[in-house]
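Numbering of the sequence shown is given in UniProt numbering, commencing with residue 1 and proceeding in unit increments.
Virtual Cβ for every residue (Gly too), placed ideally from N, Cα, C.
For reference, the structure discussed in these notes is given below.
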Amino acid sequence: MASCKPSVTPVDTKQKLSTSSDTPYEDPSLYRSLAGALQYLTFTRPDISYAVQQVCLHMHAPRTEHMLALKRILRYVQDTRRSTSGYCVFLGHNLISWSSKRQPTLSRSSAEAEYRGVANVVSETCWIRNLLLELYFPIPQATLVYCDNVSAIYLSGNPVKHQRTKHIEMDIHFVREKVARGQAHVLHVPSRHRIADIFIKGLPRILFDDFRISLNVREPPASTAGV
Numbered sequence: 001m002a003s004c005k006p007s008v009t010p011v012d013t014k015q016k017l018s019t020s021s022d023t024p025y026e027d028p029s030l031y032r033s034l035a036g037a038l039q040y041l042t043f044t045r046p047d048i049s050y051a052v053q054q055v056c057l058h059m060h061a062p063r064t065e066h067m068l069a070l071k072r073i074l075r076y077v078q079d080t081r082r083s084t085s086g087y088c089v090f091l092g093h094n095l096i097s098w099s100s101k102r103q104p105t106l107s108r109s110s111a112e113a114e115y116r117g118v119a120n121v122v123s124e125t126c127w128i129r130n131l132l133l134e135l136y137f138p139i140p141q142a143t144l145v146y147c148d149n150v151s152a153i154y155l156s157g158n159p160v161k162h163q164r165t166k167h168i169e170m171d172i173h174f175v176r177e178k179v180a181r182g183q184a185h186v187l188h189v190p191s192r193h194r195i196a197d198i199f200i201k202g203l204p205r206i207l208f209d210d211f212r213i214s215l216n217v218r219e220p221p222a223s224t225a226g227v
């Protein structure tokens, strides 16, 4: 179910679960195990309470249609997992802005999630550029935006519309406009050197230390109190 097609609701309103229809499910123990896990999940996910209650009514003799209803709940839970975007903005070697935020909407692919992240950081850099302009410190060259997703980089400069990306057209047009105006330039960076990963996921010690140093964050000096 890890790569299942997402569902926007946990219940199919056209389907009525019955105790006698369809064929018995081949693995009742699996059904009961999944139903029990979903019951536990309702403590923090009240939006699936009704759907879970309905599938739990048939734990004694689950049918195939009951398992399909249970899988729909799993697909809904999968659908509500949103990506986390992170970025850091440098002026020279100085870190001046950073962010780590869960995206408000679900992304259907890693490229889409990455592109939303690119749009966020481009928006932030545009604000910073305007602020510096008001302070009589204009930035004549394009801001370099680094991303490790090749598809997201391709979308930032390719004017061709894609059926799969029509629901993020506003982000696409926004970034392309800034690229066309020479205010931003999206470039590829290997994942090993993507410093913003420190804001969105756990990292091995060596990589974490490297990225922390790149952010100009240093360990506090040893205390000399009482010496």
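Cβ neighbours of residue i in the same chain (closer than 7 Å, five flanking residues each side left out)
i: A152; result: A111, E114, Y115 and V118
i: S168; result: It should be noted that the sequence gives Ile, not Ser, for residue 168. Correct list, in chain order: E112, Y115 and R116.
Distance between beta carbons of residue j and residue i, contact taken as under 8 Å
i: R72; j: P10; result: 6 Å
i: S100; j: F199; result: 4 Å
i: L34; j: I48; result: Not really, about 13 Å apart at Cβ, beyond 8 Å.
Beta-carbon contacts of residue i that lie in its chain and below 8 Å, excluding the five residues immediately before and after
i: D148; result: E114, H188, V189, P190, S191 and R194
i: H185; result: A142, T143, L144, V145 and V179
i: G157; result: R176, V179 and V186
i: L203; result: D197 and F211
Backbone CA spacing between residue i and residue j [nearest angstrom]
i: N130; j: V175; result: 16 Å
i: A69; j: D12; result: 8 Å
i: V52; j: F43; result: 11 Å
i: S21; j: L30; result: 20 Å
i: M67; j: I206; result: 45 Å
i: S97; j: V150; result: 24 Å
i: K14; j: S7; result: 15 Å
i: K5; j: L132; result: 45 Å
Short Cβ contact (9 Å threshold) for residue i with residue j
i: residue 229; j: V121; result: Beyond the ends of the chain as shown, which are 1 and 227, falls residue 229; an answer cannot be given.
i: L17; j: H58; result: yes
i: E124; j: V77; result: no
Extent of the continuous alpha helix (DSSP H) to which residue i belongs
i: G117; result: S110 to E134
i: R192; result: Element bounds for R192: n/a, residue is neither H nor E.
Residue i: first and last residue of the uninterrupted beta strand (DSSP E) it sits in
i: C147; result: T143 to C147
i: A184; result: A184 to H188
i: V55; result: Where V55 is concerned, there is no enclosing beta strand (DSSP E), although the alpha helix (DSSP H) it sits in stretches over S49 to C56.
i: F90; result: T84 to L91
Cβ neighbours of residue i in the same chain (closer than 6 Å, five flanking residues each side left out)
i: I128; result: none
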